[in-house]
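Heads up: the sequence shown is residues 65 to 385, going by the numbering used here. Accompanying notes for the structure given below.
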Amino acid sequence: MKRYNQLLNESSFPIAENQKILIVDDSAMVLKILYDMLKNEYVVIQAKSGEEALQLAVREIPDLILLDVIMKDMDGYQVCKVFKSDPLTKNIPIIFVSGLNEQNDEKKGLELGAIDYITKPFSEPIVKIRIKNHLELKAYRDFLEQISSLDGLTGIYNRRYFNTYYLREWERAIRERTPISLIIIDIDRFKEYNDNLGHLAGDECLKKISGSIGNSLFRKNDIACRLGGEEFICVLPNTDLPDAVCIAERIAADIEKLNIPHEYSDVKPIITVSMGVGTIIPIENYSYIEFLNMTDRLLYHAKKSGRNKIQAKYIVLHNKK
Numbered sequence: 065m066k067r068y069n070q071l072l073n074e075s076s077f078p079i080a081e082n083q084k085i086l087i088v089d090d091s092a093m094v095l096k097i098l099y100d101m102l103k104n105e106y107v108v109i110q111a112k113s114g115e116e117a118l119q120l121a122v123r124e125i126p127d128l129i130l131l132d133v134i135m136k137d138m139d140g141y142q143v144c145k146v147f148k149s150d151p152l153t154k155n156i157p158i159i160f161v162s163g164l165n166e167q168n169d170e171k172k173g174l175e176l177g178a179i180d181y182i183t184k185p186f187s188e189p190i191v192k193i194r195i196k197n198h199l200e201l202k203a204y205r206d207f208l209e210q211i212s213s214l215d216g217l218t219g220i221y222n223r224r225y226f227n228t229y230y231l232r233e234w235e236r237a238i239r240e241r242t243p244i245s246l247i248i249i250d251i252d253r254f255k256e257y258n259d260n261l262g263h264l265a266g267d268e269c270l271k272k273i274s275g276s277i278g279n280s281l282f283r284k285n286d287i288a289c290r291l292g293g294e295e296f297i298c299v300l301p302n303t304d305l306p307d308a309v310c311i312a313e314r315i316a317a318d319i320e321k322l323n324i325p326h327e328y329s330d331v332k333p334i335i336t337v338s339m340g341v342g343t344i345i346p347i348e349n350y351s352y353i354e355f356l357n358m359t360d361r362l363l364y365h366a367k368k369s370g371r372n373k374i375q376a377k378y379i380v381l382h383n384k385k
């Protein structure tokens with residue numbers, strides 16, 4: 065909840081520092097001109113071809129892309145189409161950079177989803193002002209996106225953000241051939257808690273539990289989300305099963321340390337949780353939804369076997385020949 069309130073405070077919206085710009089051009093001279101122009105204000109990365117740009121953009125997720133139109137392997141229009149069709153890059157603003165000065169060329173670029181069109185030779189002050197304005201808009205959109213990604217009651221990420229983040233990390237795990245783990249958490253006998261103590265007490269319990277789960281995650285890429293009701297989920301990129309189980313055990317122990325009384329539970333006289341933990345190194349012909357469902361089935365088995373338990377499994381996949 066603290067994070068939610070901080071974001072709602074207008075003073076918590078500074079323009080982001082270290083904004084990242086990807087420059088794409090097959091001319092070394094143009095790359096140097098733009099790099100020298102922007103290096104003192106932004107983090108600047110460079111790509112000398114469309115293919116290299118596609119790889120860098122997915123890995124680095126820049127805040128803005130300056131994209132040359134005329135290139136040898138793939139032209140800028142083709143590269144832009146790929147960017148706009150990929151969930152990981154579709155929202156990155158693109159400014160086309162070109163020596164072409166025809167109205168139809170500019171129209172084509174804007175129709176493909178670019179936000180601006182800069183022609184060569186450059187006017188440095190104009191280029192810098194346009195980039196500054198677009199990055200300010202991007203920072204504000206990111207701020208609004210972050211607000212909409214938080215659960216209003218608990219202040220941690222909501223299901224909408226989980227769907228986006230999980231898919232992004234799933235695709236990254238496929239590319240990098242690294243494991244990804246999920247922990248699905250359910251509060252034991254929460255209905256009985258709510259029915260007997262009332263929804264206000266239930267809401268306070270959810271806030272304490274969500275805060276504890278968030279505090280149990282130490283790495284910056286590990287996130288906790290509220291799926292709905294009394295169910296939470298953690299996404300743990302690049303995490304194998306033993307480490308995921310250790311994190312789950314820490315979450316369970318930290319929640320028990322809260323010592324929230326629950327006299328209506330047949331598990332313990334305090335709030336406890338059941339968890340399903342799944343780990344996988346995903347491949348392209350296996351669905352991220354199926355892995356989520358598999359982890360949910362592990363949670364179901366943890367609850368059926370007495371609650372206050374952790375059920376864990378590592379899924380081994382083999383590429384089809």
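The C-beta atom is built at its ideal place from N, Cα and C for all residues, glycine as well.
Cut-off 7 Å between Cβ atoms - residues of its own chain near residue i, not counting five sequence neighbours on either side
i: Ala366; result: Ser338, Met339, Gly340, Lys373, Ile374 and Gln375
i: Glu74; result: Residue confidence is low: Glu74 scores 43 on pLDDT, short of 50, so the model does not pin down where it sits. Its coordinate-derived value is still stated next. Nothing meets the Cβ criterion.
i: Val309; result: Val341, Ile374 and Ala376
i: Gln110; result: Ile87, Leu95 and Tyr99
i: Pro325; result: Pro333 and Ile334
i: Glu233; result: Ile244, Val299 and Pro301
Other residues of its chain near residue i: CB distance less than 6 Å, five sequence neighbours each side excluded
i: Ile247; result: Cys298, Ala312, Met339 and Val341
i: Thr218; result: Leu270, Lys271, Ser274 and Arg290
i: Met138; result: Gly114
i: Leu300; result: Ser245, Asp286 and Ala308
i: Lys66; result: Note that Lys66 has pLDDT 47, beneath the 50 cutoff, so the model's placement of it is unreliable and the number below is only indicative. Result list for Lys66: empty, nothing under 6 Å.
i: Phe254; result: Glu294
i: Tyr106; result: Gln83 and Ile85
i: Gln142; result: none
i: Met101; result: Glu188
i: Asp302; result: Per the sequence presented here, residue 302 reads as Asn, with Asp not at that position. Thr242.
i: Val108; result: Ile85, Tyr99 and Leu102
Residues near residue i in its chain [Cβ-Cβ closer than 8 Å; skip 5 each side]
i: Gly278; result: Ile220 and Ala288
i: Gly370; result: Val331
i: Ala117; result: Leu86, Val88, Ala111, Ile129, Leu131 and Val143
i: Asn323; result: Ile334
i: Ile97; result: Phe186
i: Leu381; result: Ile344, Ile345, Pro346, Ile347 and Tyr350
Residue i and residue j closer than 9 Å at C-beta
i: Ile315; j: Ser280; result: yes
i: Tyr230; j: Tyr328; result: no
i: Leu130; j: Leu86; result: yes
i: Ile335; j: Tyr257; result: yes
i: Ile345; j: Met358; result: no
i: Ile156; j: Pro185; result: no
i: Gly140; j: Gly173; result: yes
i: Ser162; j: Ile193; result: no
i: Lys332; j: Asp252; result: yes
i: Met135; j: Asp90; result: yes
i: Lys296; j: Asp360; result: The sequence given here places Phe at residue 296; Lys does not occur at that position. The answer is no: Cβ separation not under 9 Å.
i: Ile238; j: Ser276; result: no
i: Leu176; j: Lys145; result: yes
i: Leu199; j: Pro243; result: no
i: Arg223; j: Ser212; result: no
i: Leu23; j: Val122; result: What the structure shows of the chain is the stretch from 65 to 385, and residue 23 is not part of that stretch, so it cannot be assessed.
Run of the beta strand (DSSP E) containing residue i, from where it starts to where it stops
i: Arg371; result: Looking at the DSSP string, Arg371 is not in any beta strand (DSSP E), and its letter there is neither H nor E.
i: Thr343; result: Val337 to Ile344
i: Leu291; result: Ile287 to Gly292
i: Ile109; result: Val107 to Ala111
Beta-ladder partner(s) of residue i, from DSSP
i: Thr183; result: Ser162
i: Arg205; result: Note: Arg205 sits in no beta bridge, so no partner.
i: Lys377; result: Gly342
i: Ala178; result: Answer by DSSP bridge pairing: none, since Ala178 is not bridged.
i: Pro325; result: Ile334
Continuous alpha helix (DSSP H) stretch holding residue i: start and end
i: Val88; result: No alpha helix (DSSP H) contains Val88, which is instead part of the beta strand (DSSP E) from Lys84 to Val88.
i: Val299; result: No alpha helix (DSSP H) contains Val299, which is instead part of the beta strand (DSSP E) from Glu295 to Pro301.
i: Ile319; result: Leu305 to Leu322
i: Val94; result: Ala92 to Leu102
message: I'd like the ranges of any beta strand (DSSP E) spanning at least 3 consecutive residues and lying wholly in the region 118-150.
response: 128-132
**Study point:** Ordered list of alpha helix (DSSP H) runs contained in the region 207-277, each at least 4 residues
**Key:** 223-240 and 254-261
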